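Student:
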Amino acid sequence: MAKIAVIDDEQSVCHAFQVFLTDEGHKVTVAATGAQGLAAVAAQAPDLVILDVRLPDADGLDLLAELAARPQPPAVLVITAHGTMDTAIEAMRRGAFDYLTKPIDLEQAKLVVDRALTTRRLSQEVLRLRQQRRGQGPLLVGNAAPMQQVYKTIGAVAPSDATVLIRGASGTGKELVARAIHQASHRAREPFVVVDCTALPEHLVESELYGYEPGEFTGATQAKPGKLEQAHGGTLFLDEIAELSQGAQAKLLRFLESHQTERLGSTATLTLDARILAATNQDLAARQRDGSFRQDLYYRLHVVTIDLPPLADRLDDVPLLVAHFLEQATGTRRPDISQAALDVLMAHEWPGNVRELRNTIEHAVLACRGDVILPEHLPRLLARGGAGPAEGFRRAAAALLQHRMAEGGGQAPALFERMVADLERAVIAEALRVTGHNQARTAALLGIHRTTLRNKVRQYGLKGTGGSGVSRGPAGH
Numbered sequence: 227m228a229k230i231a232v233i234d235d236e237q238s239v240c241h242a243f244q245v246f247l248t249d250e251g252h253k254v255t256v257a258a259t260g261a262q263g264l265a266a267v268a269a270q271a272p273d274l275v276i277l278d279v280r281l282p283d284a285d286g287l288d289l290l291a292e293l294a295a296r297p298q299p300p301a302v303l304v305i306t307a308h309g310t311m312d313t314a315i316e317a318m319r320r321g322a323f324d325y326l327t328k329p330i331d332l333e334q335a336k337l338v339v340d341r342a343l344t345t346r347r348l349s350q351e352v353l354r355l356r357q358q359r360r361g362q363g364p365l366l367v368g369n370a371a372p373m374q375q376v377y378k379t380i381g382a383v384a385p386s387d388a389t390v391l392i393r394g395a396s397g398t399g400k401e402l403v404a405r406a407i408h409q410a411s412h413r414a415r416e417p418f419v420v421v422d423c424t425a426l427p428e429h430l431v432e433s434e435l436y437g438y439e440p441g442e443f444t445g446a447t448q449a450k451p452g453k454l455e456q457a458h459g460g461t462l463f464l465d466e467i468a469e470l471s472q473g474a475q476a477k478l479l480r481f482l483e484s485h486q487t488e489r490l491g492s493t494a495t496l497t498l499d500a501r502i503l504a505a506t507n508q509d510l511a512a513r514q515r516d517g518s519f520r521q522d523l524y525y526r527l528h529v530v531t532i533d534l535p536p537l538a539d540r541l542d543d544v545p546l547l548v549a550h551f552l553e554q555a556t557g558t559r560r561p562d563i564s565q566a567a568l569d570v571l572m573a574h575e576w577p578g579n580v581r582e583l584r585n586t587i588e589h590a591v592l593a594c595r596g597d598v599i600l601p602e603h604l605p606r607l608l609a610r611g612g613a614g615p616a617e618g619f620r621r622a623a624a625a626l627l628q629h630r631m632a633e634g635g636g637q638a639p640a641l642f643e644r645m646v647a648d649l650e651r652a653v654i655a656e657a658l659r660v661t662g663h664n665q666a667r668t669a670a671l672l673g674i675h676r677t678t679l680r681n682k683v684r685q686y687g688l689k690g691t692g693g694s695g696v697s698r699g700p701a702g703h
């Protein structure tokens, strides 16, 4: 149940919302003027405000600014009359979550209300986690089942000194997991040292890991401790460990077995206490079978494994991650994200995983001149689908072509037209799905006119909601 305030001078609109949203299980307060509305907000601290931009005693846009300035601002949906889209867009730029047009379609309004409440809940959860973990290092964000398993494994393995192998594609957050293990362990106050094995030339690996004595090679004018020495008492994180040469693998194996090593050019044995965490985006089991990775080292590293899911396998976490990255935005201006832009993010395949999403939000914050991120503020390749979706379309087209040819597609022009129609239907159906079957948002997402979309929906027998009529059913009923 959420607390919702409706501020509108039309009694019929207030009554319709009060009855409808109360039936949905929410606590609803109504107000006919701006002054009454602000008083209700101060008294009730609602989660959501449905605000008419035209009120008898106030400008709704000015009220929007006051609501946004509250310590815990509610999500705001603005109500505009038909044909006043400029006002709606300006309201969104000033921080409104979304807008509704009069006459109100209550079923469509329910979808928008649900999205607004969900987004606010996720934002509050991120804020709560940030406050809870402030000063405790990096924050892993996500509530999806695969991430819950990751958290459980981190909690189980952190108190020990066991070697941990973290597996996952690039951009999934392997270093964050390693830092989380370190900071939840008894070594948290000691160094956490990172070695990016992909960035080390082969001839420098040993000197970087184990250190060297003066005169060992040209330019070695003084002794330098290696990364293992620097991590003494703490944790050494070897990122992309599969890139180590066979020689470096052998020396690392020796350290794991004895905790002893020597600097290059020295005969003195150093006994070090450093926990080893390693990460890879490759299949080490296959690498050890083909001989490119030592089998004995593989089994030494494989004591505990943590598998990080790709972002495509936890898309439900995208809104929470977006809220988190917006919270991290530098500068004094931290825009919100529109539902249309969030729809685009939810439809993306994220081949670059969480890192790609973080970079996307950073780009959007810089591109956004107002207070709300819109689809046009997202990177162009993302808005157009990027390489991941393009490859998906290629595979879909290949499968469809094979199917049509097998059933006897006829002449080439007819075959082409049928394939285009099939693909067009699939694209429109998916766009409708990610926008909650909202035709206005679907048309905006696809970049086509609503009349064109409406005709295609009828042509292909698809389902979509419009946006007119105060009713519990589709527009026009």
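For the sequence shown, our numbering assigns the number 227 to the initial residue and increments by one for each residue that follows.
Here a beta-carbon is modelled for each residue, glycine too, at the ideal position from N, C-alpha and C.
Being a predicted model, the structure only gives us computed values, none of them experimental.
1. I think Ala468 touches Lys400, with their Cβ atoms under 8 Å apart; what is that distance to the nearest whole Å?
2. Tell me the rounded alpha-carbon separation between Val431 and Pro577.
3. So which of Ala425, Thr424, Val376 has the shortest CA-CA distance to Ala406?
4. Report all residues from its chain with a CB closer than 8 Å to the CB of Arg320; omit the five preceding and five following residues, and keep chain order.
5. Is the distance from the Cβ of Asp704 to the Cβ of Ala261 below 8 Å?
6. Do Leu247 and Val254 count as a contact pair if the criterion is CB distance below 8 Å?
7. Determine the burial state of Gly636: buried for a count of at least 16 other Cβ atoms within 10 Å of its Cβ, exposed for fewer.
8. Which of the three DSSP states, helix, strand or coil, is assigned to Val304?
9. Between which two residues does the beta strand (DSSP E) containing Val419 stretch?
10. According to the Cβ coordinates, are Ala317 and Leu274 closer than 8 Å?
11. For Leu326, which of helix, strand or coil comes out of DSSP?
12. Say whether the stretch 675–688 touches the stretch 647–666, bearing in mind that this needs 3 or more beta-carbon pairs closer than 8 Å, one atom from each stretch.
13. Output yes or no for whether 8 Å exceeds the beta carbon distance between Ala455 and Leu498.
14. Please report the distance separating the alpha-carbon of Thr493 from that of Gly368.
15. Are there three or more Cβ pairs, one per stretch, closer than 8 Å when the stretch 566–583 is compared with the stretch 529–546?
16. Please state whether the Cβ-Cβ distance between Glu488 and Gly459 is less than 8 Å.
17. Roughly how many angstroms lie between the CA atoms of Arg560 and Leu391, to the nearest whole one?
18. Please confirm whether Glu466 and Thr424 have their CB atoms less than 8 Å apart.
19. Beta strand (DSSP E) containing Ile532: first to last residue?
20. From the DSSP output, read off the bridge partner residues of Arg280.
Tutor: Straight from the coordinates:
1. The Cβ separation is near 12 Å, so there is no contact.
2. Cα-Cα distance, rounded: 30 Å.
3. Val376
4. Cβ contact annotation for Arg320 (same chain, cutoff 8 Å, sequence separation greater than five): Leu287, Leu290, Ala291, Ala294, Gly596, Asp597, Val598, in chain order.
5. Because the chain here runs from 227 to 703, residue 704 falls outside it and cannot be looked at.
6. Their beta carbons are under 8 Å apart, which means Val254 touches Leu247 by this criterion.
7. Note that Gly636 has pLDDT 48, beneath the 50 cutoff, so the model's placement of it is unreliable and no number is given.
8. strand
9. 418–422
10. no
11. In this structure, Leu326 counts as strand in the three-state DSSP scheme.
12. With the cut-off at 8 Å, the stretch 675–688 and the stretch 647–666 touch.
13. According to the sequence provided, residue 455 is Glu. The question's Ala does not apply to it. In this structure, Leu498 lies closer than 8 Å to Glu455 by Cβ.
14. 49 Å
15. Yes, the stretch 566–583 is in contact with the stretch 529–546.
16. no
17. 37 Å
18. Contact: yes.
19. 530–533
20. Asp285
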